[in-house]
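Below is one structure, written out as C-alpha cells; comments come after it.
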Amino acid sequence: MFFKKIALIAALSTIASVSYGASADAFSFTYEPGSYRQATDVNEGVFSDNVNINGYTTFDFNNGGTPGNQLVKYSFSQGSYSTTAYSGQTGIYSDVWAPSGASAEINKSDYLAVFSNSNVTIQAQGNNTFTYFGFDAGALSVGNTLQFFNGTTLVKELTYNVLNSMATVEAFQHGEQKNGFFQFFSEGTNDTFNKIVISQTDGGGFESDNHTFRVETVPEPSLTFGMLALAGLFMYKRQNKKLQNAKKSA
1 MFFKKIALIA
11 ALSTIASVSY
21 GASADAFSFT
31 YEPGSYRQAT
41 DVNEGVFSDN
51 VNINGYTTFD
61 FNNGGTPGNQ
71 LVKYSFSQGS
81 YSTTAYSGQT
91 GIYSDVWAPS
101 GASAEINKSD
111 YLAVFSNSNV
121 TIQAQGNNTF
131 TYFGFDAGAL
141 SVGNTLQFFN
151 GTTLVKELTY
161 NVLNSMATVE
171 AFQHGEQKNG
181 FFQFFSEGTN
191 DTFNKIVISQ
201 TDGGGFESDN
211 HTFRVETVPE
221 PSLTFGMLAL
231 AGLFMYKRQN
241 KKLQNAKKSA
C-alpha cells in the first residue's frame with residue numbers, strides 16, 4: 001500500500017510538470033507606440049494596456065520625491081527597486097528627456113533615468129517570478145541595455161540596436177530619437193525571470209517611465225510536495241473506496 005501511494009504521488013508530480021512545460025519555452029517581447037492611461041492624459045507618456053487590470057502593478061514615478069536628487073527606493077509587495085548610483089545621478093527626473101507620448105507628445109511627468117556606468121535592479125521578492133514587464137522607453141540612445149535574470153542566470157539581454165530597430169515614434173524634443181512601449185513575457189520553464197536590470201553602458205542615459213509588472217507567486221517546494229502528497233492520498237482513498245463498494249455489490 002505504501003509503495004502504491006508513492007507511485008501515485010510521483011505520477012501526479014509528472015503530470016503537473018508536463019502541463020506547465022507544455023507551454024512554449026520562448027522569451028518574447030513586443031513593441032507598440034503605446035496607449036494612454038486615460039484618453040485625455042497625453043502628457044504622461046504611454047502605458048501598458050494592462051495598467052487598469054487587477055493583478056498588474058504600475059509605477060509611474062510621480063511620487064518619487066525630489067526629482068534629480070533621489071535614489072530609486074521604490075518597493076511593492078512582490079518586489080523592489082535598487083540602484084548602484086549615488087544621489088543626484090541615476091534617479092527620478094522631470095524634464096524634456098522623459099519618454100514621449102504615442103504621437104511624440106511631451107511627457108510632463110516624472111520618469112526614471114539611468115546614467116552612464118550605473119544601473120537599476122528590479123528584484124522579485126522571495127520565490128516570486130515576473131511573468132510580464134512593460135515600460136515606456138525613450139529617448140533611446142547607444143548604451144541602453146536591458147537584462148533579464150533567473151537568479152544569476154542571464155535569460156535575455158536586449159541592447160539599443162534591437163530596441164531602436166523596433167521603435168517607430170520619433171520625438172522632435174529628443175532630436176528625433178525614438179520612443180515607445182516595450183512588453184516582455186515569460187512563456188515557459190526556460191525563460192522565467194525574477195530580476196530585471198536596466199543599465200547604461202555608454203554616455204548619455206536610459207530614460208523610462210510607467211513600469212508595469214505581473215508577478216507569479218511560486219509556493220515553497222515543501223508546500224508543493226505536501227499538496228501533491230495530500231492530493232495523492234485523497235485519490236488513493238477514493239479509488240480504494242470504489243473498489244470496496246464494488247466488492248460488496250458483487
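Residues 1 to 250, numbered by this note's numbering, are exactly what the sequence shown covers, in order. Glycine is no exception: its CB is placed at the ideal position from the N, C-alpha and C atoms. Keep in mind it's a predicted model, so treat the numbers as computed, not measured.
- When G101, Y93, D95 and Y74 are compared, the shortest CA-CA separation from R37 is found for G101.
- Bridge partners of H211 according to DSSP: F59.
- The secondary-structure analysis by DSSP pairs S80 across a beta bridge with S75 and Q123.
- Contact between the segment 197 to 211 and the segment 100 to 120 is present: 3 or more CB-CB pairs across the two stretches fall below 8 Å.
- Counting the other Cβ atoms within 10 Å of the Cβ of K195 gives 16 or more, which makes it buried.
- Excluding its 5 nearest sequence neighbours in each direction, P33 has C-beta neighbours in its own chain below 6 Å: A102, V169 and G180, listed in chain order.
- Sequence-distant partners of V215 (beyond 5 residues in either direction) whose C-beta falls short of 8 Å from its own C-beta, in its chain, are T57, Q78, G79, A124, N128, T129, F130 and T131.
- In summary, T192 is buried, with 16 or more beta-carbon neighbours lying within 10 Å of its beta-carbon over all protein chains present.
- When DSSP states are grouped into helix, strand and coil, N150 belongs to the strand group.
- Here S186 is buried. Its C-beta has 16 or more other C-beta atoms within 10 Å.
- Counting along the chain, S165 sits inside the alpha helix (DSSP H) bounded by residues Y160 to M166.
- C-alpha of E176 to C-alpha of F135: approximately 20 Å in a straight line.
- Judged by DSSP secondary structure, G134 falls within the beta strand (DSSP E) whose first and last residues are T129 to A137.
- In its chain, beyond the 5 residues on either side, L146 have a beta carbon closer than 6 Å to the beta carbon of L158.
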